[in-house]
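Asker: Residue numbers (my numbering): 7 to 492.
Here you go, one structure.
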Amino acid sequence: MLVPLILFSSTALNPIGIPVDGGFLQTTEAGSLARFQYSYDPQADFQELFARAQSQAGKRPPRIIKVLQVIVPDIEAEVVQADGKKEKAQSSMSRGEQELCRRYFQGYQSLVFANTNGAARIQPFEMVLKKPVKNLDPMGNGAYWLSAPTALAGVEKAIRENFFDSICVYYKKPDNVKAGLLGGAIGRDYGVRGSAFWTQWVHDWKAPVGPLNPNAIVSLHEWLHNVSYYTHQVMGFTAVPDCHAAEEHGYWSRDGGYPQWQAWNRDLVGKLIPSEVWYRFDTRSPERAPSSPAKGEEIAPGKFYSWQQVSGEWMSKLPKLTDKGLAQMTGITDLELKLEQFSDQAVCLRLTTSSVVASTYSTQGLESLPVRLDNVLAMKRLSKEPELDDPRGGYGSAPIESIAWIRPKGAAGEAPDLVLVRTDIAGPVMRLLDTVGRPADRSVIGYIHRTEPKTNEQVTLIALKVRLANPNSPTEVGLLKLGKKS
Ligand SMILES: [Zn+2]
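Pasting the structure below:
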């Protein structure tokens, strides 16, 4: 079915989006909602994020995160090639290249500040190794990486103990060494004086410096592995997604106008991770016991919450809803929410029941699911990588949904509809959702976090109970109040 596109001539840069919150919600040709952003021009989008971060940091001081950058100017090691031959492996950074490492690290700092909306600021520290590194870490088959403990062997004492939140190592790969990893990261294991660390070889010296430099983006990615460790194992925010989950969330390495997973990094850091996680970022508390409850698990369901009041801390302020909680709140006694994964690049959450429902109900498998408004929220990637200069950021035909919905047959009461919304666009969607009675952004009942048992894939959604104004809409866009003041 063809659904007319919504066109807004006033947003010249973003011809096919729904303006909200100073940016726009991108619609797909199937009438679903793909992403929220400010511009498809990566520089313009980043500048907008940065300006907002600065304004927010003026109102509330950011969490300071101390990161030590270790620059390794010289490597003089011996390696064993795949054929068993021993060779000398040598690299040397010029002064200019060392300066570039600093600039890449600055780009990473800007990314953290802008993407966290000013909730976190990296306080940089620097150490340039005076002596050559003599060993690399073998990964088998002639491939190597350089871990922080190996890079810092013999100079550990120079690192302040239990002081840094992360330590990163920048090095130049010797030409005759096969790279095992572009970078690698490890949580706090009380090596390297008690900090989590990551390491990366600088792989592109020619790209323009700035926040969109590939080395800056690699730093952000590897640091996010440290963040996963701290949020899950120290802070108990177990619904923080893994930084590798981009493909299952429908992203390409190039989309939204961005190269190199930047659209994903932006949404992960700024939207899927609530701001309070950054404001309270904790790297020094002891690791939590695996059996201790995750955030939200101890909160009983049954209340309505205002998104405005919980948006920055929904992961700890909202109840984490189980199937039992959902069944209680909807009156559908056998209601279940299942996470299914069809491939590395597709995932869906499906509300299932054996009872008759008044809303559109899909039973198809993930591979043949229509993109429409129903009981399923599916995210798949396009089969082909979009072009960076696509005027719709590559999202026009993207098989990405943001809303799943179910209404029990003959449901009475003021809020018969259970609506699940993707967390990264929950704020803008709730502001625009057309309801009868209580507004959507004051109808939040909890969050849902599910893990697929085989692949460990995770999806998190915000749950609402409302009465939709347009329950016959076949599309997500049709649920929104457009043209009316929101
Ligand atoms: Zn990784």
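By construction, the Cβ of each residue, glycine as well, lies at the ideal position given by its N, Cα and C atoms.
This one's a predicted model, so the numbers in the text were calculated from it and none came from an experiment.
Is any non-hydrogen atom of ligand 1 found closer than 7 Å to the C-beta of H231, if you look at the structure I gave you?
Answerer: Result yes, Cβ under 7 Å from ligand 1.
Asker: Is there contact between the stretch 280-294 and the stretch 59-69, where contact requires at least three CB pairs shorter than 8 Å?
Answerer: As far as the Cβ criterion goes, the stretch 280-294 touches the stretch 59-69, which means the pair count is three or higher.
Asker: Which term fits F52, buried or exposed, when burial requires 16 or more other beta carbons within 10 angstroms of its beta carbon?
Answerer: F52 should be labelled buried.
Asker: Taking the CB atoms as reference points, tell me whether W411 and D430 lie closer together than 8 Å.
Answerer: No, the pair does not count as a contact, with Cβ atoms beyond the cut-off.
Asker: Would R166 be called buried (16 or more neighbouring beta carbons within 10 Å of its own) or exposed?
Answerer: Burial call: exposed.
Asker: For S349, report the span of its beta strand (DSSP E) as first-last.
Answerer: Start and end: E342 to S349.
Asker: Please tell me whether, using a cut-off of 7 Å, the distance from the CB of H227 to the nearest non-hydrogen atom of ligand 1 is below it.
Answerer: H227: yes, Cβ under 7 Å from ligand 1.
Asker: Measure the Cβ-Cβ separation of L341 and R456 and say whether it is below 8 Å.
Answerer: For L341 and R456, no; Cβs fall outside 8 Å.
Asker: Just the C-alpha distance for Y453 and G242, rounded to the nearest angstrom, thanks.
Answerer: Distance between the alpha carbons of Y453 and G242 is about 15 Å.
Asker: How about C249: is its Cβ closer than 7 Å to a heavy atom in ligand 1?
Answerer: Flag set: Cβ of C249 near ligand 1.
Asker: Figure out for me which residue from A88, L106, F203 and L343 has the closest Cα to the Cα of L426.
Answerer: When each option's Cα is compared against that of L426, the closest is L343.
Asker: Quick check: the Cα distance between I223 and E82, rounded to an integer number of angstroms?
Answerer: C-alpha separation (whole angstroms): 27 Å.
Asker: Where does G443 land, buried or exposed, given buried means 16+ other C-beta within 10 angstroms?
Answerer: Exposed, since its Cβ has fewer than 16 Cβ neighbours within 10 Å.
Asker: Would you say R428 and W258 are within 8 Å of each other, going by their C-beta atoms?
Answerer: No, these two residues do not count as a Cβ contact at 8 Å.
Asker: Since L117 is in the alpha helix (DSSP H), which residue starts that stretch and which ends it?
Answerer: Where L117 is concerned, the enclosing alpha helix (DSSP H) stretches over R101 to N121.
Asker: Would DSSP call E319 helix, strand or coil?
Answerer: In this structure, E319 counts as helix in the three-state DSSP scheme.
Asker: Does the Cβ-Cβ distance between V215 and R109 come in under 8 Å?
Answerer: For V215 and R109, yes; Cβs fall inside 8 Å.
Asker: Compare the Cα-Cα distances from S317 to each of R127, F131 and M436 and report the closest residue.
Answerer: It is M436 whose Cα lies nearest to the Cα of S317.
Asker: Below 8 Å on the Cβ atoms is my contact criterion, and I expect R101 with E162 to pass it. Report the Cβ-Cβ distance as a whole number of Å.
Answerer: That belief does not hold up - the Cβ atoms of R101 and E162 are roughly 26 Å apart, past 8 Å.
Asker: Distance, Cα to Cα, K460 vs D248?
Answerer: Distance between the alpha carbons of K460 and D248 is about 16 Å.
Asker: Can you have a look at V362 and say buried or exposed, based on whether 16 or more other CB atoms are within 10 angstroms of its CB?
Answerer: Per the 10 Å Cβ criterion, exposed.
Asker: What separation, rounded to the nearest whole angstrom, lies between the Cα atoms of A88 and L274?
Answerer: Looking at the two C-alpha atoms, the distance is approximately 38 Å.
Asker: How far does the beta strand (DSSP E) with H455 in it reach, from first residue to last?
Answerer: Counting along the chain, the beta strand (DSSP E) containing H455 begins and ends at V450 to T457.
Asker: According to the neighbour-count rule (16 or more other Cβ atoms, all chains shown, within 10 Å of its Cβ), is A306 buried or exposed?
Answerer: With fewer than 16 Cβ atoms within 10 Å of its Cβ, A306 is classed as exposed.
Asker: So, does the stretch 133-147 touch the stretch 231-246, judging by three or more C-beta pairs under 8 Å?
Answerer: Contact between the stretch 133-147 and the stretch 231-246 is absent, because fewer than three Cβ pairs lie under 8 Å.
Asker: Quick one, are the C-beta atoms of A59 and G124 less than 8 Å apart?
Answerer: Yes, the pair counts as a contact, with Cβ atoms nearer than the cut-off.
Asker: Return the CA-CA distance between T156 and G148, expressed in angstroms with no decimal places.
Answerer: Each residue's alpha carbon lies about 17 Å from the other.
Asker: So A451 and A469 are in contact, right, with Cβ under 8 Å, and what is the actual spacing, rounded?
Answerer: With the sequence shown as reference, residue 451 is identified as Ile, and Ala is not the correct amino acid for it. About 5 Å; that satisfies the 8 Å criterion.
Asker: Compute the beta-carbon to beta-carbon distance between L142 and V175, rounded to the nearest angstrom, for a pair I have assumed lies under 8 Å.
Answerer: At roughly 12 Å, the Cβ-Cβ gap does not stay under 8 Å, so L142 and V175 are not in contact.
Asker: Mapping the DSSP letters down to three states, classify S374 as helix, strand or coil.
Answerer: If DSSP states are grouped into helix, strand and coil, S374 belongs with the helices.
Asker: Apply the 10 Å Cβ neighbour rule to T339 and answer buried if 16 or more other Cβ atoms are within range, or exposed otherwise.
Answerer: The residue in question, T339, is exposed, as its Cβ has fewer than 16 Cβ neighbours within 10 Å.
Asker: In three-state terms, what does DSSP make of L142?
Answerer: Three-state result, L142: coil.
Asker: Go through its chain and collect everything with a Cβ distance to P392's Cβ below 7 Å, but skip five positions before and after it.
Answerer: Correct list, in chain order: W258, R260, D261 and G400.
Asker: Spatial neighbours of P10 within its chain, please: CB distance less than 8 Å, with the 5 preceding and 5 following residues excluded, ordered by chain position.
Answerer: The pLDDT assigned to P10 is 35, lower than 50, so where the model puts this residue is not dependable; a value taken from the coordinates is nonetheless given after this. So no residue of the chain qualifies.
Asker: Name, in chain order, the residues that DSSP records as bridge partners for S97.
Answerer: Looking at the DSSP assignment, S97 forms a beta bridge with I81.
Asker: Please name the residue, chosen from K301, L383, G28 and V472, that lies closest to G256 on a Cα-to-Cα basis.
Answerer: Closest by alpha carbon: L383.
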